[in-house]
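Everything below concerns the one structure shown next.
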Amino acid sequence: MVKVDAQDLAVLSACSREQLAAMAAAGAQVRECYRLLEKTGANVVGQILAATDTFYEWNHYPEGDVFDRESASQYYYHAHRGAELEHGHFHTFIRAAGMKKGVRPAPYTGTAERPLGSDAIAHLISISMNDEGYPIGLFAVNRWVTGETFYAAEDVIAMLPDFRIEHTFPCLATNMWITAMVR
Numbered sequence: 002m003v004k005v006d007a008q009d010l011a012v013l014s015a016c017s018r019e020q021l022a023a024m025a026a027a028g029a030q031v032r033e034c035y036r037l038l039e040k041t042g043a044n045v046v047g048q049i050l051a052a053t054d055t056f057y058e059w060n061h062y063p064e065g066d067v068f069d070r071e072s073a074s075q076y077y078y079h080a081h082r083g084a085e086l087e088h089g090h091f092h093t094f095i096r097a098a099g100m101k102k103g104v105r106p107a108p109y110t111g112t113a114e115r116p117l118g119s120d121a122i123a124h125l126i127s128i129s130m131n132d133e134g135y136p137i138g139l140f141a142v143n144r145w146v147t148g149e150t151f152y153a154a155e156d157v158i159a160m161l162p163d164f165r166i167e168h169t170f171p172c173l174a175t176n177m178w179i180t181a182m183v184r
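For the sequence shown, the residue numbers in this note's numbering are 2 to 184.
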């Protein structure tokens with residue numbers, strides 16, 4: 002059960018009817034994906050790991066990540082040692098080809114290399130998952146974690162509706178689920 006507090010209600014009451022309708026549609030899509038997967042005892046994480054014999058910490062699953070050429074959206078699943086409640090998490094991205102015109106990387110004065118131009122990549126959000134294949138949290142990372150190009154928060158938020166994985170590799174239901182979760 003999801004608990005909604007006063008701060009959550011304040012955020013929701015500031016949303017337009019269109020935004021609320023989009024969130025409701027995304028929530029319905031998430032529920033439908035779980036309904037379909039549960040018919041065979043599957044879940045979104047299990048579908049990602051189905052083609053592997055052994056799950057190794059730090060490895061990306063599926064191997065080579067999931068990438069949608071039309072939207073330039075990408076994701077992978079992995080885990081780190083030490084997370085007590087978390088089985089692992091999804092990292093979601095949009096590559097340069099999927100970004101709106103005029104979006105520029107945030108100013109950076111450091112010396113570490115970062116992908117730029119057509120190689121630029123923005124990390125959107127990470128989704129923590131429990132052992133049963135359900136989300137237990139969302140988090141953002143700094144650019145050193147995923148080696149991405151850093152963008153202003155407003156630009157990353159504006160990228161969220163453009164994230165979509167619309168193909169069947171490795172699993173259509175998982176791809177539909179993660180698309181809805183990001184939206």
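Positions of the beta carbon are idealized from the N, C-alpha and C atoms, including for glycine.
Nearest-angstrom beta carbon gap, residue j and residue i [assumed within contact, 8 Å]
i           : j           : result
residue 116 : residue 147 : Between residue 147 and residue 116 the Cβ distance is about 11 Å, and since that is not below 8 Å, they are no contact.
residue 97  : residue 121 : 4 Å
residue 87  : residue 137 : 7 Å
residue 74  : residue 47  : Their Cβ separation, rounded to whole angstroms, is 22 Å, which puts residue 74 and residue 47 out of contact at 8 Å.
residue 76  : residue 166 : 7 Å
residue 93  : residue 170 : That pair is no contact at about 16 Å.
Beta-bridge partners of residue i, as assigned by DSSP
i           : result
residue 93  : 76
residue 164 : None, per the DSSP bridge assignment.
residue 138 : 129
residue 123 : 95
Best match in the options for proximity to residue i [C-alpha to C-alpha]
i           : options           : result
residue 183 : 58, 42, 127, 174  : 127
residue 106 : 160, 177, 74      : 160
residue 89  : 177, 57, 65, 71   : 57
residue 133 : 5, 39, 155        : 39
residue 178 : 141, 91, 119      : 91
residue 181 : 109, 6, 26, 9     : 26
residue 103 : 156, 11, 13, 8    : 156
residue 176 : 34, 112, 11       : 34
residue 173 : 6, 129, 43, 3     : 43
residue 109 : 101, 13, 143, 129 : 143
residue 95  : 24, 168, 130, 125 : 125
residue 78  : 129, 140, 101     : 129
residue 31  : 162, 135, 139     : 135
residue 81  : 16, 12, 61        : 61
residue 28  : 11, 15, 3, 7      : 3
Closer than 8 Å to chain B by CB, residue i
i           : result
residue 107 : Checking the listed chains, one finds no chain B in this structure; it contains a single protein chain.
Open item on the list: Give the list of continuous alpha helix (DSSP H) stretches no shorter than 4 residues that lie fully inside the stretch 38-87.
Closed with: 45-50
Open item on the list: Assess contact between the stretch 46-66 and the stretch 17-36, defined as three or more Cβ pairs (one per stretch) separated by less than 8 Å. Is contact present?
Closed with: no
Open item on the list: Count Cβ pairs between the stretch 26-45 and the stretch 62-69 that sit closer than 8 Å; are there 3 or more?
Closed with: no
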